Amino acid sequence: MQFGRRCAMRLFRAPAPDSALIAGIRPLRTSRAGPAAAPAVGEPAFRIPSMPIRPANGIENPPAMIPGLDHIGIVGADLEAMEAAYARLGFTVAPRCELVALAEDGSATPLGQVNSHLVFGRTYVELTAVEGDLETHHLRDAVARYYGFHIVVLTADDADDARGRLIRSGIDAPPTALAGREVRYPGGRGMAGFRWFRVPDADLPDAFVCYVEQLTPDLVFDASLNDHPNGARDLQDILICADDPAAAAARFARASGAAVATEPDGPGVELAVGRARFLDTAALQRVFPGVAPPALPWAAGFTASCPDFAATRRFFRDSDLPWQDGGDRLWFAPDHACGAIVAFAPPA
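Residue numbers for the sequence shown follow our numbering, beginning at -2 and rising by one.
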């Protein structure tokens, strides 16, 4: 059995007790160094910032801003296998954490989802496994189609404002929710909180797309985790394979507020950070020979930006990994990356 297929087929193993929240223990406040400090008696365990961490531009009614890629998510059945696969590809894998729903008073309820992360300076890749009841989980319909790349998360300075923009454009976005994960990173420990909402599947069925307002970005984008042996430094683009790439790009553009641009292999949507590329099956197989979509639409993969691409090429050339040479990029087939195409390229 190939290694990549084990990512989808092995049973999930629960993380070590010290790598996730334990049911019944309230999350601790963010601490930039050393162990997290316990809240004082009567004090909420997680404080919701009174103003956005990523502030608006100071204008009373600021114009709608084009979002960037905040992070993407690869979903599998076995987090341990996923961590091993991406470490083998030369990524630094951050310590595990458990996703929780946060109440306004700071109390936490586990959501049955455990994550690891590949952290860059302003973006990251999430490796995630559903540990709880899949029938009631928000990723149920996604993993029923295939294991692999599903989650596309866009940035929001203010999640409520972003939701309002979508509603005004005719997209019936659900109310924002408060969630978080307690991280124990080298550069800081504490509850990494965020507000988020999903773009409804009826409006954007091509991936599980949502908006996130990061409340603790310094904790999330820990600089001590940004050094990856393969030279990856940022998310450059995501790849979506669809029957009708033009229609899929138009849906994504409407949800993001960005414009559609014509590219050689299909339409693209340029974001504030990164871009989304849309290809049909024929175009996908021209760029990535031998790759067949498990279903359509398919969130096919991503490209990592590598400023020293020569060093990245040497890293893989000196390895025994089954990389493919695409000329201007190196890439791995989904069997070696838990269902996703993973490409490496110099900055666009």
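Cβ coordinates follow ideal geometry from the N, Cα and C atoms, glycine included.
Nothing here was measured: the structure is a model prediction, and the numbers come from that model.
Considering only DSSP beta bridges, list what residue i is partnered with.
i, result
"D203", "For D203, which the question treats as bridged, DSSP gives no partner whatsoever."
"V180", "G187"
"V270", "V270 pairs with nothing; no bridge assigned."
"I71", "L124, F146"
Measure the C-alpha to C-alpha separation of residue i and residue j and round it to an integer number of angstroms.
i, j, result
"D130", "D325", "43 angstroms"
"D198", "D138", "10 angstroms"
"R85", "P304", "20 angstroms"
"R142", "G109", "20 angstroms"
"A246", "A255", "10 angstroms"
"L175", "H68", "17 angstroms"
"A153", "Q282", "34 angstroms"
"P343", "H225", "15 angstroms"
"W328", "E101", "43 angstroms"
"E80", "P202", "27 angstroms"
"L163", "F194", "11 angstroms"
"V284", "N227", "22 angstroms"
"S166", "R192", "21 angstroms"
"L136", "Y208", "15 angstroms"
"A74", "G177", "21 angstroms"
"H333", "R160", "36 angstroms"
Would residue i and residue j be called neighbours here (beta carbons separated by less than 8 angstroms)?
i, j, result
"V116", "I71", "no"
"G87", "F312", "yes"
"L124", "L76", "yes"
"D200", "A252", "yes"
"T173", "D157", "yes"
"A91", "H114", "yes"
"A220", "G187", "no"
Quick check on DSSP: helix, strand or coil for residue i?
i, result
"D215", "helix"
"R119", "coil"
"A334", "coil"
"A342", "strand"
"V149", "strand"
"S221", "helix"
"F329", "strand"
"R93", "coil"
"A126", "strand"
"D322", "strand"
"F285", "coil"
"L163", "helix"
"Y144", "coil"
"R195", "strand"
"F251", "Correcting the residue identity first, residue 251 is Arg in this sequence and not Phe. Three-state result, R251: helix."
"P264", "strand"
"L232", "strand"
Pair every Cβ in the region 222 to 238 with every Cβ in the region 258 to 271, then say whether three or more of these pairs are closer than 8 angstroms.
yes
* **At least 3 beta-carbon pairs within less than 8 angstroms: the region 236 to 245 vs the region 288 to 300** => yes
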